[in-house]
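Letter 187 of the sequence shown, counting from 1, is numbered 226 in this note's numbering, and no numbers are missing.
For glycine and all other residues, C-beta sits at the position ideal for the given N, C-alpha and C.
Some notes on the structure that comes next.
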Amino acid sequence: MSKAAPASRPQRKNEGTKKGATSSQPTAPGPSAAVMPTYARQDLVFERGEGSWLVSTTGERYLDFASGVAVNALGHAHPRLVAALSAQAAKLWHTSNLYRVAGQEALAERLVESTFADRVFFCNSGAEACEGAIKAARRYQFVSGRPERWRIVTFKGAFHGRTLATLAAGGNEKYLEGFGPPVAGFDQIAYGDHAALEAVIGSETAAILIEPVQGEGGVRALPDPCLRGIRELCDRHGLLLVLDEVQCGMGRTGKLLAHEWAGVAPDIVAVAKGIGGGFPLGAVLATAEAAKGMTAGTHGSTFGGNPLATAVGSAVLDAILEPGFLDRVLVKSSQLRQGLEGLKDRHPGVVEEVRGRGLLTGLKLRASLAAADVVRAASQSEHLLLVGAGDNVVRVLPPLNVEDGEISDALARLSRVLASAAKSAG
């Protein structure tokens, strides 16, 4: 019996038409149409980084006070991180969570030793960490015999990620548009409105989820007494206090975790961004009681806490927990804050307020000037990288190990941008 002829392979689109093209290089200058256009990117491509500096493919140096949106806690190409990643990459990349991961267990033990937490779940991003925190809070109430308690109180201006559940938790209509009905179970109130918070708590409330410092929402820091009041409210009503410290945690405010300033003990905290220093890593930290419902099969992550990620995370933690490191962050924070207040005084026509805590800072601009325009102008005219935020705020997010001279340099560049903007607006 003769064998059937094999089916011919369909020709791929444009196959054989682009002579000389390679899979590793763009075929034309400018942004690639192959990338889904979900970002309003600046037309910049960087090829390497050095501490607080980035170098573009055209050889131009940029002072990076965006830090990958508070991710590059130790700047670019930090020797300790490079060494940790290189050493691990030569041994083992990934095995999955079907087996024990030595580096994951070691990092979890160190996080438990250094924080309020007793248990750690590793994931890859802030959105996943917040999603895991939400699941842990609901599951806690379920296994505690209160399955009717599944709703979570959240706050306007919050940003907890881009998954369907975390978008619903944030409640930003712009981000929710077009994705169907929002995931149910979130009751949103004004940030810092304690009376509204007390009023919204009901028999179905499981937890309160809040950022100690809102990043995307406009760099708004929750006063310490407010956080203490929320802790007391949770205790009174049998709720879990869940904190999103994805942006404000891991040393950015001058404490390892931002809630430490208020002297409260949360039940669950989501962290990411700075914990990996640029490598994708997130974690859900929880007390043993709050984590009691997270048993085998209730949650998981294929890549979460793999050997590469936890090797880098351990190196980041080594640096942040070194004696004197967080003290230096506070000194640099004071220098930056004073400088930003000086910019407000020199440019009152365009700067309304200085916000933030530690090295998570922002300038709220007056309505006559858009934050996006300042971010763009800083990049184009001064080679200074900044980040926009809600409420017409420009975020200023240097690496935690930024040099004093680099802070002064950034302030001078930003002052020139604001002066030019004020002249144009006036």
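Output needed for residue i: all residues of its chain with C-beta closer than 8 Å, excluding positions within five of it in sequence on either side, in chain order.
i: GLU392; result: LYS383, LEU402, LYS403
i: GLY302; result: ASP263, ARG267
i: SER463; result: none
i: PRO437; result: SER91, ASP103, PHE104, SER106, LYS371, LEU375, LEU398, GLU445, ILE446, ALA449
i: THR96; result: VAL84, PHE85, GLU86
i: GLY69; result: ASP82
i: ASP357; result: ARG119
i: LEU365; result: GLY290, GLY293, LYS294, LEU295, ILE359
i: VAL456; result: VAL413, ALA416, ALA417, SER420, GLU421, LEU423
i: TRP132; result: ASN345, PRO346, LEU347
i: ILE191; result: ILE173, ALA176, ARG177, ALA208, GLY224, PHE225, ASP226, THR244, ALA245, ALA246, ILE247, LEU248, VAL281
i: THR134; result: VAL140, ASN345, PRO346
Nearest-angstrom Cα distance between residue i and residue j?
i: GLN377; j: ARG100; result: 26 Å
i: GLU167; j: VAL355; result: 20 Å
i: GLY142; j: ASN163; result: 15 Å
i: TYR179; j: VAL239; result: 20 Å
i: GLU216; j: THR77; result: 14 Å
i: PHE155; j: LYS294; result: 13 Å
i: PRO65; j: MET75; result: Only weak support is given to the placement of PRO65: the predicted model assigns it a pLDDT of 47, under 50, and the question is left unresolved by the model.
i: ASP412; j: ALA460; result: 9 Å
i: LEU320; j: GLY352; result: 7 Å
i: ILE314; j: ARG405; result: 34 Å
i: VAL368; j: GLN419; result: 28 Å
i: PRO221; j: ARG396; result: 32 Å
i: THR292; j: GLY184; result: 38 Å
i: SER62; j: THR337; result: For SER62, the predicted model reports a pLDDT of 47, less than 50, meaning its position is unreliable; a value from the coordinates is still stated below. The straight-line gap from Cα to Cα measures roughly 40 Å.
i: TYR424; j: THR205; result: Note that residue 424 is Leu in the sequence shown, not Tyr. Rounded to whole angstroms, LEU424 to THR205 spans 28 Å at the Cα level.
i: VAL252; j: LEU439; result: 17 Å
i: VAL426; j: ARG415; result: 9 Å
i: LYS174; j: ILE359; result: 29 Å
i: TYR73; j: ARG80; result: What sits at residue 73 in the sequence shown is Ala, not Tyr. If I take the Cα positions, the gap works out to 14 Å.
i: LEU379; j: PRO387; result: 12 Å
i: ASN345; j: VAL121; result: 17 Å
i: GLU148; j: PHE160; result: 11 Å
i: LEU453; j: ASN111; result: 21 Å
i: ILE409; j: THR349; result: It is Ala, not Ile, that sits at residue 409 in the sequence shown. Straight-line Cα distance between these residues: approximately 39 Å.
i: TYR138; j: ALA297; result: 33 Å
Which whole-angstrom value is the C-beta distance of residue i and residue j, which I expect to be below 8 Å?
i: GLY332; j: VAL182; result: 4 Å
i: LEU261; j: ARG270; result: Not a contact, Cβ separation roughly 12 Å.
i: ALA304; j: VAL285; result: Not really, about 19 Å apart at Cβ, beyond 8 Å.
i: ILE307; j: ALA176; result: 6 Å
i: ASP103; j: LEU93; result: 5 Å
Within the same chain, show all residues whose beta-carbon is closer than 7 Å to that of residue i, passing over the 5 residues directly before and after it, in chain order.
i: CYS265; result: GLY231, HIS233
i: ALA128; result: LEU347
i: GLU255; result: PHE198, ALA428, GLY429
i: ARG188; result: GLN180, GLU243, THR244, ALA245
i: GLU237; result: LEU272
i: TRP300; result: ASP263, THR292, LYS294
i: VAL441; result: SER91, LYS371
i: ARG385; result: SER454
Which residues share a DSSP beta bridge with residue i?
i: GLN227; result: THR193
i: TRP92; result: GLU89, LEU102
i: ALA322; result: PHE161, VAL310
i: ALA401; result: Residue 401 is actually Gly in this sequence, not Ala. According to DSSP, GLY401 bridges with ARG394, ARG434.
i: ASP283; result: ALA309
i: GLY428; result: It is Ala, not Gly, that sits at residue 428 in the sequence shown. Partner(s): VAL432.
i: GLY316; result: PHE318
i: ARG253; result: According to the sequence displayed, residue 253 carries Gln and not Arg. DSSP output for GLN253 lists ARG259 as bridge partner(s).
i: LEU423; result: LEU102
i: HIS199; result: DSSP lists no partner for HIS199.
i: HIS115; result: GLY90
What are the start and end residues of the alpha helix (DSSP H) that includes residue i?
i: VAL121; result: 118-128
i: HIS276; result: 263-276
i: GLU299; result: Unbroken run through GLU299: none, as it is neither H nor E.
i: GLY33; result: Nothing in the structure corresponds to residue 33, since the chain is present only between 40 and 465.
i: VAL74; result: Premise fails: VAL74 is in no alpha helix (DSSP H) and is neither H nor E.
i: ILE240; result: First-last for ILE240: undefined, no H or E at that position.
i: GLN143; result: 141-153
i: SER459; result: 443-464
i: PRO221; result: PRO221 -> no alpha helix (DSSP H), and no H or E assigned at all.
i: GLY184; result: Taken as a continuous stretch (DSSP letters only), GLY184 belongs to no alpha helix (DSSP H), as it is neither H nor E.
i: ASP232; result: Premise fails: ASP232 is in no alpha helix (DSSP H) and is neither H nor E.
i: GLU212; result: 212-215
Output the boundary residues of the beta strand (DSSP E) element that contains residue i.
i: ILE247; result: 244-249
Note down, in chain order, each residue of its chain lying with its Cβ closer than 6 Å to the Cβ of residue i, except the 5 sequence neighbours on either side.
i: ASP430; result: GLY257
i: GLY200; result: GLY165, ALA166, CYS169
i: THR326; result: ASP157, ASP306
i: ALA172; result: VAL281, ILE307, ALA309, VAL323
i: SER407; result: ALA464
Determine, using beta carbons only, whether residue i comes closer than 7 Å to chain D.
i: ALA156; result: Considering every chain present, this structure includes no chain D. It has just one protein chain.
Using only the heavy atoms of the ligand NAP, determine whether one of them is closer than 6 Å to the beta carbon of residue i.
i: TYR101; result: For the structure depicted, the ligand NAP is absent and the ligand set is empty, with no information on it obtainable.
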